[in-house]
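Data first, discussion second: the structure below is written as structure tokens.
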Amino acid sequence: MLQLTCPYCGATATETELTPGGEAHLKRVGPEGSDEAFEAYLFHRRNPKGVHFERWRHTYGCGKWFLAARCTVTLEVFGTYPAQTTEPPEHIVDAIRTKRPDWTLEP
Amino acid sequence: MKRYSVFALAREAMRGHTGWERAWANPEPRKSYDVIIVGAGGHGLATAYYLGKNHGITNVAVLEKGWLGGGNTGRNTTIIRSNYLQDPSAAIYEKSRSLYETLSQDLNYNIMFSPRGVIMLAQTHHEVRGYLRTAHANALQGVQTEFIGPERVKKLVPIIDINGPRYPVLGGLWQARGGTARHDAVAWGLARACSAMGMHILQKTEVTAVRSEGGQVTGVDTNRGPIDCSKLGIVVAGHSGVLADMAGFRLPIESVALQALVSEPIKPCMDVVVMANTVHGYMSQSDKGEMVIGGGADGYNNYTQRGSFQHIEETVRALIETFPMLSRLKMLRQWGGIVDMTGDRSPIISKTPLGNCFINCGWGTGGFKAIPGSGWATAEMIAKGEPGPLAAEFGLDRFREGRFIDESVAAGVAH
Numbered sequence: 000m001l002q003l004t005c006p007y008c009g010a011t012a013t014e015t016e017l018t019p020g021g022e023a024h025l026k027r028v029g030p031e032g033s034d035e036a037f038e039a040y041l042f043h044r045r046n047p048k049g050v051h052f053e054r055w056r057h058t059y060g061c062g063k064w065f066l067a068a069r070c071t072v073t074l075e076v077f078g079t080y081p082a083q084t085t086e087p088p089e090h091i092v093d094a095i096r097t098k099r100p101d102w103t104l105e106p
Numbered sequence: 000m001k002r003y004s005v006f007a008l009a010r011e012a013m014r015g016h017t018g019w020e021r022a023w024a025n026p027e028p029r030k031s032y033d034v035i036i037v038g039a040g041g042h043g044l045a046t047a048y049y050l051g052k053n054h055g056i057t058n059v060a061v062l063e064k065g066w067l068g069g070g071n072t073g074r075n076t077t078i079i080r081s082n083y084l085q086d087p088s089a090a091i092y093e094k095s096r097s098l099y100e101t102l103s104q105d106l107n108y109n110i111m112f113s114p115r116g117v118i119m120l121a122q123t124h125h126e127v128r129g130y131l132r133t134a135h136a137n138a139l140q141g142v143q144t145e146f147i148g149p150e151r152v153k154k155l156v157p158i159i160d161i162n163g164p165r166y167p168v169l170g171g172l173w174q175a176r177g178g179t180a181r182h183d184a185v186a187w188g189l190a191r192a193c194s195a196m197g198m199h200i201l202q203k204t205e206v207t208a209v210r211s212e213g214g215q216v217t218g219v220d221t222n223r224g225p226i227d228c229s230k231l232g233i234v235v236a237g238h239s240g241v242l243a244d245m246a247g248f249r250l251p252i253e254s255v256a257l258q259a260l261v262s263e264p265i266k267p268c269m270d271v272v273v274m275a276n277t278v279h280g281y282m283s284q285s286d287k288g289e290m291v292i293g294g295g296a297d298g299y300n301n302y303t304q305r306g307s308f309q310h311i312e313e314t315v316r317a318l319i320e321t322f323p324m325l326s327r328l329k330m331l332r333q334w335g336g337i338v339d340m341t342g343d344r345s346p347i348i349s350k351t352p353l354g355n356c357f358i359n360c361g362w363g364t365g366g367f368k369a370i371p372g373s374g375w376a377t378a379e380m381i382a383k384g385e386p387g388p389l390a391a392e393f394g395l396d397r398f399r400e401g402r403f404i405d406e407s408v409a410a411g412v413a414h
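Note that the protein sequences, when read in sequence, are chains A and D.
Sequential numbering of the first sequence, starting at 0, is according to numbering that gives the first Met the number 0.
Sequential numbering of the second sequence, starting at 0, is according to numbering that gives the first Met the number 0.
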């Protein structure tokens, strides 16, 4: 069973205690955005076979939203971090690079 | 191709079954094909089959990274029905169901289609109203369904407890012409028919890159070398995002795990398919006597072909309440498949931003029932370069334009 450590309350929660919230770091498109950009923001997803940044909510715990870096092939968790970031923090990127030397962070 | 018949069976019985030929050839790839289909599951093979049968295009290769029908075609719970709410869905699923009726004869291969009937249980008042609405919609769409009361449900499914404490059975949406088919046989029969038309089915051939020139597809790179093509069809279900990435575009799709399980075989006890969408469980009995059970999908991206145990537990817990006799059954096997979920829970049959590259994906948790209809529509689109009437509403542009085919309300959970 998938286990994630909540970066806010520090509890290690199993997936029954958590709610998945889809891809993280989506850039919201403003009123001046094109139809294409708005479509991409709303619907297009990376859906990678490999490293995935995603949102989770510690629903049956502290209730906070947080982000996790996880491999969708091995279910390995590289780390969790607070939701108030626009891109993965350095220590998470380093943790991924240690285990996936070929991996690159796409914009 | 030697036809299967009662005479062939008698002849082979007389000579020790030494004369059966291989069902499909195992050729070396050519340098170039008119059409390459990526993915030899049901949908990919059906696309190739109808390209040949309906449109006379037989210079076709179907590439498969694993083995025939080893993905979701071999992992689903084989339910066939067409009782959808929205018109475009009802049209393509009903086309598919009607093609299933004669597919064994068309393919000269017994796919064991069993139109035993499908009940979708109404266990809340919301569901009663929802299914009444679906039954009315189906009447207008020409899909034969009816809403039946709890007594009729009990008569059709004697092992059901219609007075369950949490979710009593208040009725059901009954499609008498729905049922099941043998999933492997669908893949094998289609492969045999494609091979007989001269198409190449290339197993253990994994696409590693999509090649293009000036915005038009020119071929693919594979682990067996590059292969050229004029047109490319991507029909890879859970791996659609990976292929789309190779072709240079993104999809409104996320891949998640969906699980199923079977019990030990028991004597015949249920001769229809029962789906219980409120409690996320559905069940039928296989010819071997196993109870075949499916449940809800996981909520997070996953390519592992195995899901989370709590979903199995939820499914079994819910079904035991509706079918108390299940509590004494042992479950034998459990497995998972990667399903490609779109936001509106409807499929995508579409042209793509890359010229002459077409995609068929997004069938999510309910692709098996759609195999022949989906192949029919996708073949038409690839042959003509534009989607025909069955596929037109399922284009990628529906997301930008807000023309969703919203089945998530009616049937988003269990198919």
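C-beta: ideal position from N, C-alpha, C; glycine also.
Secondary structure of L389(D) (DSSP, three-state): coil. At the C-beta level, G41(D) and A186(D) come within 8 Å of one another. Contact holds between the segment 229-249 of chain D and the segment 338-358 of chain D, because three or more Cβ pairs, one in each stretch, are under 8 Å apart.
Put simply, the CB of V241(D) is near chain A, with a gap under 8 Å to one of its CB atoms.
The Cβ of F398(D) sits closer than 8 Å to at least one Cβ of chain A. If the five residues before and after I319(D) are omitted, its C-beta is found closer than 7 Å to the C-beta atoms of L325 and S326, all from its own chain and listed in chain order. Its Cα nearest to that of V168(D), the residue T277(D) stands out among A12(D), T277(D) and N75(D). At a cut-off of 8 Å between beta carbons, T321(D) makes no contact with chain A. With respect to the 8 Å criterion, S88(D) and S285(D) are not classified as neighbours on the basis of their beta carbons. Of the candidates G188(D), I348(D) and Y281(D), Y281(D) places its Cα closest to the Cα of R316(D). Within the same chain, Cβ atoms closer than 6 Å to the Cβ of T377(D) are found at T46, I348 and N359, the five residues on either side in sequence being excluded. For I252(D), at least one C-beta of chain A is nearer than 8 Å to its own C-beta. Its Cα nearest to that of A90(D), the residue V142(D) stands out among L172(D), V142(D) and G51(D). In chain order, I118, M269, V271 and V273 place their CB closer than 8 Å to the CB of V156(D), counting only its own chain and leaving out the 5 sequence neighbours on each side. Only those residues of the segment 25-48 of chain A whose C-beta falls short of 9 Å from the nearest C-beta of chain D are listed: D34, E35, F37, E38, A39, L41, F42, H43, R44, R45, N46, P47 and K48. When the beta-carbon positions are compared, A67(A) and T79(A) come within less than 8 Å of each other. C-alpha of N75(D) to C-alpha of T364(D): approximately 8 Å in a straight line. Per DSSP, the unbroken alpha helix (DSSP H) holding S95(D) starts and ends at D86 to L106.
Taking all protein chains shown into account, S33(A) has fewer than 16 neighbouring C-beta atoms within 10 Å of its C-beta and is therefore exposed. When C-alpha distances from T18(A) are compared across A39(A), G60(A) and D101(A), the shortest belongs to G60(A). For the pair of segments examined, the segment 247-265 of chain D was found not to touch the segment 29-39 of chain D: the number of CB pairs separated by less than 8 Å stays below three. Going by DSSP, E22(A) is part of the beta strand (DSSP E) stretching over T18 to E22. For secondary structure counted as the alpha helix (DSSP H) over 4 or more consecutive residues, the segment 212-236 of chain D holds no complete run. In this structure E313(D) touches G295(D) by the C-beta definition: roughly 7 Å separates them, less than 8 Å. For N109(D), same chain residues with a beta-carbon under 7 Å away, outside a window of 5 residues either side, are S103 and A184 in chain order. Here Y32(D) is not near N53(D), since their CB atoms are 8 Å or more apart.
Judged by DSSP in its simplified three-state form, M282(D) adopts strand. The contact set of P19(A) on chain D, defined by CB atoms closer than 7 Å, consists of G298 and Y299 in chain order.
Neighbours of S229(D) in chain A, taken as residues whose beta carbon is under 8 Å from its own, are absent, since the nearest beta carbon is some 27 Å off. Taking L74(A) as the centre and dropping the five residues before and after it, the same chain places the C-beta of L1 closer than 8 Å to its C-beta, in chain order. If you draw a straight line from the Cα of G18(D) to the Cα of L106(D), it is about 20 Å long.
A distance below 8 Å separates the beta carbons of P28(D) and H199(D). Note on K329(D): under 16 other CB atoms within 10 angstroms of its CB, so exposed under the neighbour-count rule. Annotated three-state conformation of H43(A) is coil, per DSSP. As the crow flies, the alpha-carbon of Y83(D) is around 8 Å from that of Y92(D).
For chain A, none of the residues of the segment 346-360 of chain D brings a beta carbon within less than 9 Å of one of its beta carbons.
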